[in-house]
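Trainee: If you count by this note's numbering, then the sequence shown holds residues 2 to 234, one letter each, in order. Think of the CB as a built atom: it goes at the ideal place given N, C-alpha and C, for glycine as much as any other residue. Keep in mind that this is a model prediction, so the values were computed, not measured.
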Amino acid sequence: KAIILSGCLGTRLRPLTLKTPKSLIEVQGKTLIEWLFELLKKYGIRDVILSVGYLADKMRDYFTDGSRFGMNIEYVEESPNKPLGTAGPLRLAKNMLSDSFIVSNGDELKCINIPRMFRLHKRKNALATIALTTVDDPSQYGVARLDGSRILEFVEKPKRENAPSNLINSGLYIFEPEVLDYIPDGFSMLEKDVFPRLAKEGKLYGYPFSGQWYNTGTLELYEKAIKEWKDIA
Numbered sequence: 002k003a004i005i006l007s008g009c010l011g012t013r014l015r016p017l018t019l020k021t022p023k024s025l026i027e028v029q030g031k032t033l034i035e036w037l038f039e040l041l042k043k044y045g046i047r048d049v050i051l052s053v054g055y056l057a058d059k060m061r062d063y064f065t066d067g068s069r070f071g072m073n074i075e076y077v078e079e080s081p082n083k084p085l086g087t088a089g090p091l092r093l094a095k096n097m098l099s100d101s102f103i104v105s106n107g108d109e110l111k112c113i114n115i116p117r118m119f120r121l122h123k124r125k126n127a128l129a130t131i132a133l134t135t136v137d138d139p140s141q142y143g144v145a146r147l148d149g150s151r152i153l154e155f156v157e158k159p160k161r162e163n164a165p166s167n168l169i170n171s172g173l174y175i176f177e178p179e180v181l182d183y184i185p186d187g188f189s190m191l192e193k194d195v196f197p198r199l200a201k202e203g204k205l206y207g208y209p210f211s212g213q214w215y216n217t218g219t220l221e222l223y224e225k226a227i228k229e230w231k232d233i234a
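1) Leaving out five residues before and five after F102 in sequence, what residues of the same chain have Cβ atoms less than 7 Å from its Cβ?
2) In chain order, which continuous runs of the beta strand (DSSP E) of length 3 or greater are located wholly inside the region 155 to 182?
3) Measuring alpha carbon to alpha carbon, tell me which of T134, S211, T219, F188 ends up nearest L93.
4) Nearest to M72 by alpha carbon, out of V49, A57, P90?
5) Could you pull the DSSP bridge partners for F102 from this structure?
6) Shortest alpha-carbon distance to N106 belongs to which of K158, A88, E162?
7) Using 10 angstroms around the beta-carbon of K204, count the other beta-carbons present and answer buried if the total reaches 16, otherwise exposed.
8) Considering only their Cβ atoms, is the gap separating I152 from L91 smaller than 8 Å?
9) Taking DSSP as the reference, what is the three-state secondary structure of S211?
10) Decide if G54 is buried, meaning its Cβ has at least 16 other Cβ atoms within 10 Å, or exposed.
11) For F210, I'd like the list of residues in its chain whose CB is within less than 6 Å of its CB, leaving aside the five on either flank, ordered along the chain.
12) Determine, using beta carbons only, whether L173 and L128 come nearer to each other than 8 Å.
13) I'd like to confirm the pairing. Which residues does DSSP put opposite V1 in its beta bridges?
14) With I256 and T217 assumed to form a contact (beta carbons below 8 Å), what rounded beta-carbon distance in angstroms separates them?
15) Helix, strand or coil: how does DSSP classify S68 here?
16) Specify, as a first and last residue, the run of the beta strand (DSSP E) that E75 falls within.
17) Judging by CA-CA distance, which residue of G207, E75, L191, I227 is the nearest neighbour of K150?
18) Entirely within the region 90 to 143 and at least 3 residues each: give me those beta strand (DSSP E) ranges in chain order.
19) Checking the sheet assignment: what are the DSSP bridge partners for N82?
20) How many whole angstroms separate the CB atoms of D108 and K23, which I take to be in contact at a CB cut-off of 8 Å?
21) Is DSSP giving I50 helix, strand or coil here?
22) Would S171 pass as a contact of K111 if the rule is Cβ separation under 8 Å?
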């Protein structure tokens, strides 16, 4: 199964997101989530949980049960007035998850070889594996410090010359169900509350990939994605 986190307000994309959930904005004729569906279907993954919050009814009305997209969709819903962060919504899906699962942000475009990433995840006996993408200037991101493929820590927004690598979190993960036990109640963030603990215990790994990756978090980045995105290869 895959969980797609798609409940955020998308404030940096206003006015586009005043009446439209961020994950429903379009790039080249498809919503951001439909592009994620294309990635998942490429590797035979059709069972998806959509974590919704802001304008949740519009998400449910658009995707319904997923059948018209070739997917099987279930939903978990957080209150838009009490957001749960990037980790909290996963607890809502705990009863739906009994095996290794994928988590993806719903506002990025990405091309990742998921089976290859999964093999690394299993070979290293990881509890969590993060897909890492390369950027020219990592100073605006959390940057991975690695020992082989094991992630020792993320250095948040380092000066360019001090960055331990140019590998950053791409917003796609493979988790074992045990990761859910690391998530506290209420609002919590994978990046601040979960990954540091897993790294300290030596259970967090990274999978660098060279495929396309576009963040659509601002109007400028969204325009860049519209111009440059090249479909799911």
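Mentor: Reading it off the structure:
1) Locating residue 102 in the sequence shown gives position 101, counting from the first residue. Same-chain partners within the cutoff: K2, A3, I4, F176.
2) 168 to 176
3) As a working mapping, residue 93 is identified with position 92 in the sequence shown. The residue with the shortest Cα to Cα distance from L93 is F188.
4) One-based indexing of the sequence shown puts residue 72 at position 71. The shortest C-alpha separation from M72 is found at V49.
5) Here the question's residue 102 lines up with position 101 in the sequence shown. Per DSSP, F176.
6) Start at 1 with the first residue of the sequence shown, and residue 106 comes out as number 105. The option with the nearest alpha carbon to N106 is A88.
7) Position 203 of the sequence shown, counted from the first residue, corresponds to residue 204. When all chains shown are included, K204 counts as buried.
8) Here residue 91 is taken as the residue at index 90 of the sequence shown, counted from 1. Here residue 152 is taken as the residue at index 151 of the sequence shown, counted from 1. The answer is no: Cβ separation not under 8 Å.
9) Taking the sequence shown and counting its residues from 1, one reaches residue 211 at position 210. S211: coil per DSSP, three-state reduction.
10) Taking the sequence shown and counting its residues from 1, the one referred to as residue 54 is at position 53. Label assigned to G54: buried.
11) Looking up residue 210 in the sequence shown gives position 209. Excluding positions up to five away in sequence, the list reads I113, A132.
12) Sequence index remark: in the sequence shown, residue 173 carries index 172 (1-based). Sequence index remark: in the sequence shown, residue 128 carries index 127 (1-based). No, they are not a contact pair.
13) Only positions 2 to 234 of the chain appear in the structure, and residue 1 is not among them; the question remains open.
14) Summary: the structure shown does not reach residue 256, with the chain confined to residues 2 through 234, and so no result is reported for it.
15) Numbered from 1 along the sequence shown, position 67 holds the residue referred to as residue 68. In the three-state reduction of the DSSP assignment, S68 falls in the helix class, which pools H, G and I.
16) Indexing the sequence shown from 1 puts residue 75 at position 74. 73 to 78 is the extent of the beta strand (DSSP E) around E75.
17) Against the sequence shown, residue 150 aligns to sequence position 149. The sequence shown places Ser at residue 150, rather than the Lys named in the question. Closest option to S150, Cα to Cα, is G207.
18) 102 to 106, 109 to 111, 129 to 135
19) Here residue 82 corresponds to residue number 81 of the sequence shown, with the count starting at 1. Bridge partners of N82: none, in fact.
20) Looking up residue 108 in the sequence shown gives position 107. Looking up residue 23 in the sequence shown gives position 22. D108 to K23, Cβ: 5 Å. Contact.
21) Numbered from 1 along the sequence shown, position 49 holds the residue referred to as residue 50. It is a strand residue.
22) For the purposes of this step, residue 171 is taken as the residue at position 170 of the sequence shown. For the purposes of this step, residue 111 is taken as the residue at position 110 of the sequence shown. Contact flag set, yes.
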